[in-house]
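Reviewing the structure listed below.
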Amino acid sequence: MVSLVQTLILGLQVGALYALMASGLTLIFGVMRVINLAHGAFAILAAFLTFTLWRNLGMDPILSIPVVMAVMFAIGWLVYVLVIRHVRGAHVSMTVLATFGIALVLEGAMGFIWGNTSTAVRTSYTDASLSLGPLYVPQAMLITAAIAALVIGGLYLLLNYTWTGRAIRAASTNEGGALLVGVSVATVAALTFAIGVATLGAGGAMLSTIYPFLPGTHYQWIARLLAIVVLGGLGSLPGAILGALVIGVGEMAATNYLGAAWPVAVPFLVIIVVLITRPQGILGTRLREDAVA
Amino acid sequence: MTTISGASRLLDPRMQKLITRGLVLVAAVVIVLFPLSPSASAQNTVILALVLAIGASGLNIITGYTGYLSLSQGAFIGIGAYVGAILATRFPDVQPLLWAPIAGVVAALIAMLLGLVTYRSRGPAFVIITVAFLFLVQFVAIEWVPVTNGTAGLTLPLPDWPDPWGNWPFHLALVVLLALSLTMTWWIRRTKFGMGLIAIREDEGKAGTIGVNAPVYKLLAFGASALFVGMAGSVYGYYLSFVDPIGMFSIITSALIVLSVILGGRGTLFGPVLGAFIIQPVNNFANDTFGGGNARLVIFGGLLVLLVILLPKGILPTAAALLEKTRSKGTVGLSGARLNPLDRPLAPAEARPPAPTGRTLLEVRGLHKSFGGNHAVNDCSFTVPEGSITALIGPNGSGKTTVFNLISGTMTPDRGEILLNGERIERLSPWSRAHRGIGRTFQITRLFREMTVLENVVAPLRDFSVRQLGLGAVSGSEAARAEELLEFVGMSAYRDARAGALSYGQQKLVELAQVLMLDPKLILLDEPAGGINPTLIERMGDLIRALNAQGTTFLLVEHNMPFVVGLCDPIRVLARGAVIAQGSPEQIQKDPLVLDAYLGDDYLLEAPSRSVNIPVVERNPA
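See the structure below:
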């Protein structure tokens with residue numbers, strides 16, 4: 007029983023980090039119908055930025071979050087202008103290839119800058135944990151969960167209570183209609199992409215305090231993030247959060263009950279099973295796909 | 031003077047064909063004899079390029095023809111290599127090259143398993159699945175230690191042939207496999223099988239309604255795409271004499287294969303090969319000069335991005351388009367030609383509807399379909415008498431198109447029965463229904479845009495058999511029938527035009543001809559008169575009458591009341607997902623329920639009479 011509760015606690019905390027990282031991926035897909043295969047690479051980039059700020063300036067990862075988010079926002083905007091803008095409206099496989107190309111370039115570039123060895127940010131709270139009777143709660147994970155709640159809450163407020171948010175939602179529901187009522191869809195798309203990448207600033211910063219990382223780990227992250235958004239329903243923010251928590255708990259359970267090798271396979275199995283049995287995910291709705299194309 | 035005539039001679043299609051053949055021949059000779067080269071590293075590059083080319087040529091079948099992008103094609107090289115390596119280490123007395131066919135078959139079977147997945151997922155979902163599939167295969171190779179020896183990998187025996195043979199056996203084996211792969215690709219393109227695949231790429235839902243059994247087609251395509259790749263993989267593993275999970279299932283290999291296909295030109299025969307012979311030397315250069323790793327990632331990632339932005343169609347199609355543009359400069363296209371419906375009186379004026387047989391062709395009983403909480407079709411029942419032109423009318427959102435989708439099989443009902451000639455069909459696939467004689471058109475036309483008009487009309491399949499897959503795509507008797515149908519709808523002048531280039535009204539006529547190719551008993555027309563000009567509406571009415579006189583039954587959805595009243599009998603009126611009234615046009619126009627739900631109170635004041643000529647009202651397409 008204790009081990010079950012412990013698994014649940016750890017799983018939900020990991021899930022909070024996953025939710026933070028997946029929210030940008032699902033937002034970008036929802037608005038632009040672009041599957042950003044570079045999302046994992048952006049997350050690792052944010053982790054490396056945090057690492058540099060910590061090692062060279064002694065900045066605590068939590069304090070560096072605003073800086074990293076700002077930098078990631080700028081990088082997201084730049085990548086949109088340089089690449090994504092040109093493939094929007096192209097066939098979906100073309101946009102997938104473009105973002106895959108970006109992921110490869112980022113992986114190589116990070117290897118040049120930071121090297122291909124495993125890196126980690128070690129802070130005072132990295133190995134600390136709180137105990138509650140027989141249970142324990144790792145401190146870094148607790149802080150991460152709080153930050154995830156903060157950033158996702160902010161994103162929710164932005165989407166639902168600001169003009170920008172309404173413009174983003176309008177563009178995601180009906181691009182043509184949004185254009186007609188005066189929403190500059192191109193700017194909204196750039197903004198969405200940049201916001202989606204910026205949320206990774208927070209995610210990557212906290213990732214660096216919990217997991218070791220190197221440029222090549224982005225594959226593992228993108229697989230996990232894709233599993234999450236596919237499970238929750240591509241394009242749905244609440245779905246992504248739910249999916250993240252499910253995958254987080256599932257991975258912890260797999261580690262505990264099946265063995266350490268299994269969590270690696272969990273995302274891939276989830277992706278295949280979900281896309282075959284319920285392609286729209288838990289919270290997604292099937293688009294009307296019929297004669298009225 | 032001579033330069034001009036020289037240039038124009040170069041543009042001559044026959045001359046171009048000759049030049050192309052010459053180039054292919056020279057390239058083939060150079061590749062076959064390449065091991066004569068003294069440079070061992072160049073020999074190595076060509077062998078790797080051959081492996082890549084076979085992988086790309088296979089991927090071309092599913093990505094180029096069928097339209098499914100896969101990031102896991104490299105996995106089949108790895109699977110082939112592993113099958114070869116496992117067998118070679120278990121049976122040391124057998125020459126490892128002999129295991130190639132088995133490796134190919136195993137790869138093909140696993141690829142078909144992946145193909146099964148496409149039954150449920152398309153587009154972006156499928157790409158994601160392929161990535162997951164690749165990593166899952168790698169996971170199995172790592173964890174299934176008793177068979178694969180885990181991360182340590184398997185070491186194969188060294189070649190047992192005499193030294194002077196050098197790389198020749200590897201090289202020739204791969205050349206033969208590439209030749210077989212290209213022959214298969216060429217054969218597929220010119221058969222019904224290939225035509226079906228292209229129809230699936232252009233519009234999979236539509237392909238089903240014209241009788242293309244998409245799951246079987248895709249399954250075979252996936253098998254074909256991996257067969258020779260698996261064989262090449264086993265040769266490749268033997269050549270390296272070592273296989274391990276990290277090297278064999280790297281996503282970079284799959285990326286290089288995709289790059290080759292896109293760079294050379296997907297959907298072309300030689301494009302993927304050309305792409306592979308460009309990409310592989312770049313790959314080796316990056317490895318030798320920059321020590322591989324990061325530089326290689328940046329180069330290929332950057333190349334992928336640039337390619338997608340600057341040359342999305344690839345080298346061969348872009349070159350062909352340029353040549354075509356130069357050639358057709360100054361000639362007048364067909365696009366401006368007027369379509370004159372009065373050229374030829376189509377239906378004889380005395381086209382009388384056939385005598386009613388009294389039998390029911392189609393019956394719908396208690397049909398239900400809801401989307402979430404929205405009951406689009408709610409206990410809908412009606413019949414279509416054999417030999418009739420039955421109309422289904424009703425306000426927007428009353429469920430007409432959903433009923434059509436349920437009848438044609440694009441959707442399956444939640445409850446209820448659909449009977450064609452007394453046979454229950456509501457659980458059948460769209461293609462089985464097409465084979466049983468149901469043809470349909472769409473509210474917004476859905477032709478295969480990249481095919482020519484003639485190919486569009488030839489594409490429908492009246493039945494399914496394995497033998498049929500191998501028949502020529504556009505064979506004599508079928509082509510003749512298709513031309514006849516195009517003549518019938520008045521579109522024969524456009525037979526070689528790209529369907530996507532036609533106007534909306536013209537597309538409607540071609541779509542009708544396409545459906546007729548099925549020889550359907552029942553044709554469902556979704557707003558045949560919507561969004562087209564008055565003369566064309568008249569022509570459409572004539573066509574329907576002429577076909578009906580020959581015995582074809584029609585069920586049509588239409589908002590143009592004068593058109594409906596002049597053409598149809600009986601009429602079924604749909605509102606909120608159920609039939610609220612039915613009967614002859616006269617009865618319907620007076621029915622208070624119909625006036626209330628659809629036509630409106632002032633309808634009677636301007637009601638068209640059946641005896642006078644049909645006044646044609648231009649209406650907005652719904």
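Chains as they are written, first to last, in this note's numbering: chain A, 7 to 299; chain B, 31 to 652. A virtual CB, placed ideally from N, CA and C, is assigned to each residue, including glycine. Note that the structure is a prediction, hence the values are computed from the model and not measured.
For the region 218-252 of chain A, not one full-length beta strand (DSSP E) segment reaches 3 residues or more. For residue 414 of chain B, the enclosing beta strand (DSSP E) begins and ends at 404-415.
According to the DSSP secondary-structure assignment, residue 160 of chain B is paired through a beta bridge with no residue.
Spatial neighbours of residue 65 of chain A in its own chain (CB-CB distance under 6 Å, excluding positions within 5 residues in sequence) are listed in chain order as 59. Under DSSP, residue 398 of chain B takes part in a beta bridge, and its partners are B/408, B/445. For residue 75 of chain B, the CB contacts under 8 Å within the same chain, skipping 5 residues up- and downstream, are 310, 311, 314 in chain order. At least one CB atom of chain B sits nearer than 7 Å to the CB of residue 100 of chain A.
Here the C-alpha atom of residue 602 of chain B lies approximately 11 Å from the C-alpha atom of residue 419 of chain B. In this structure, the straight-line span from the alpha carbon of residue 339 of chain B to that of residue 106 of chain B is close to 28 Å.
Its chain contains 203, 206 as the residues whose beta carbon lies nearer than 6 Å to that of residue 48 of chain A, once the 5 sequence neighbours on both sides are disregarded; these appear in chain order.
By the criterion of a C-beta distance shorter than 6 Å, residue 71 of chain A is surrounded in its chain by 208, 211, once the five residues flanking it on both sides are discounted. For residue 114 of chain A, at least one C-beta of chain B is nearer than 7 Å to its own C-beta. Short of 6 Å from the beta carbon of residue 409 of chain B, and not among the five residues preceding or following it, lie these beta carbons of its own chain, in chain order: 396, 608. Under the 7 Å criterion on CB atoms, residue 271 of chain A is classed as interfacial with respect to chain B. Annotated three-state conformation of residue 567 of chain B is helix, per DSSP. Note on geometry: alpha-carbon atoms of residue 28 of chain A and residue 267 of chain A lie some 23 Å from one another. Selection A/192, A/156, A/61, A/158 evaluated against residue 173 of chain A yields A/192 as nearest (Cα-Cα). In the three-state reduction of the DSSP assignment, residue 233 of chain B falls in the coil class, being assigned neither a helical nor a strand state. Annotation for residue 219 of chain B: the continuous alpha helix (DSSP H) segment containing it runs 198-219.
Residues of chain B with a Cβ closer than 8 Å to the Cβ of residue 31 of chain A do not exist; the shortest Cβ-Cβ separation is about 11 Å. In this structure, residue 241 of chain B sits near residue 465 of chain B, with a CB-CB distance shorter than 7 Å. If you draw a 10 Å sphere on the C-beta of residue 349 of chain B, you find fewer than 16 other C-beta atoms in it, and that means exposed.
Going by beta carbons, residue 414 of chain B and residue 585 of chain B fall inside the 7 Å limit.
Of all residues in the region 65-96 of chain A, the ones placed with a Cβ closer than 8 Å to any Cβ belonging to chain B are 89, 92, 93, 96, in chain order.
Interface annotation for the region 445-464 of chain B against chain A: empty, criterion Cβ-Cβ distance under 9 Å.
Nearest to residue 37 of chain A by alpha-carbon distance, out of A/252, A/11, A/240, A/270, is A/240. Boundaries of the beta strand (DSSP E) around residue 470 of chain B: 468-470. The beta carbons of residue 237 of chain A and residue 280 of chain A sit about 5 Å from each other, so the pair counts as a contact at 8 Å. Rounded to whole angstroms, the gap between the alpha carbons of residue 123 of chain A and residue 149 of chain B is 42 Å. About 5 Å separates the CB atoms of residue 90 of chain B and residue 302 of chain B; that is less than 8 Å, so the two are in contact. Using a CB distance cut-off of 7 Å, residue 104 of chain A counts as an interface residue toward chain B. Look at the region 168-202 of chain A and you find these whole runs of alpha helix (DSSP H), each 4 residues long or longer: 169-179, 181-186. At a beta-carbon threshold of 9 Å, the residues of chain A lying near residue 169 of chain B are 267, 270, 271, 274, ordered along the chain.
Its Cα nearest to that of residue 333 of chain B, the residue A/106 stands out among A/121, A/106, A/234. The three-state secondary structure of residue 285 of chain A, taken from DSSP, is coil.
By the Cβ neighbour-count rule, residue 49 of chain B is exposed, with fewer than 16 other Cβ atoms within 10 Å of its own.
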